[in-house]
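One structure is given below, encoded as structure tokens.
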Amino acid sequence: MTVKLRVSNTAIRAALDDVKRAKENLLGAIYAVTSACAHDSVGEAPYQYNDHLANSPPKRVCMHCGLVEEGWSAGYLVLKNELVFKLTRDQVYDLRTVQIDQEDKGPIIRKEVTLNKLLADKLGIK
4 MTVKLRVSNT
14 AIRAALDDVK
24 RAKENLLGAI
34 YAVTSACAHD
44 SVGEAPYQYN
54 DHLANSPPKR
64 VCMHCGLVEE
74 GWSAGYLVLK
84 NELVFKLTRD
94 QVYDLRTVQI
104 DQEDKGPIIR
114 KEVTLNKLLA
124 DKLGIK
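Just add 3 to the spot in the sequence shown (first one is 1) and you have our numbering.
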């Protein structure tokens, strides 16, 4: 069994504990807002062409909560609403709080997980 070591300076330890609590609070806020959001204001960045690998699908982002979903045309499960904004991929990355990837969609479609459970797992919320 390994023992987790900590810095002995109490000011540094206290600051590190504050950062940890702030991250936990941020993840909780992201989950609360994202799981309750209607996702009615959506932006999209086009697919990304790649000569050597598979092309990356378009990405949609909810402009209210930052939920990002990848998809090809009818492949969107959550962000189906009419697009309001055309964005660059960098803008999508700037807005992103949590992302639903292509491999996440199978369990949702098969009803193995709910969207809220998937979001909680991705954010590390118990």
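Cβ coordinates follow ideal geometry from the N, Cα and C atoms, glycine included.
Problem - At least three beta-carbon pairs within less than 8 angstroms, the region 52-71 to the region 4-19 - result: Touching, no.
Handout entry: Per DSSP, cross-strand counterpart(s) of Gln51
Key = Working through the sequence shown from its first residue, we reach residue 51 at position 48. The beta-bridge partner set that DSSP reports for Gln51 consists of Ser59.
Handout entry: Among Gly46, Met66, Gly78, the one whose alpha carbon lies nearest that of Glu106
Key = Translated into the one-based positions of the sequence shown, residue 106 becomes position 103. Of all alpha-carbon atoms in Gly46, Met66, Gly78, the one lying nearest the alpha-carbon of Glu106 is that of Gly78.
Practice task
Locate the alpha helix (DSSP H) running through Leu126, then write down its first and last residues.
Solution key: Your numbering for residue 126 matches position 123 in the sequence shown. From DSSP, the alpha helix (DSSP H) with Leu126 extends over 118-126.
Exercise for the section: State the DSSP-derived secondary structure class of Lys23, mapped to helix, strand or coil. Expected result: Locating residue 23 in the sequence shown gives position 20, counting from the first residue. When DSSP states are grouped into helix, strand and coil, Lys23 belongs to the helix group.
Exercise for the section: Keeping to the same chain, check which residues put their C-beta closer than 7 angstroms to that of Asp43; ignore five residues upstream and five downstream. Expected result: In the sequence shown, counting from the first residue as 1, residue 43 sits at position 40. Correct list, in chain order: Asn84.
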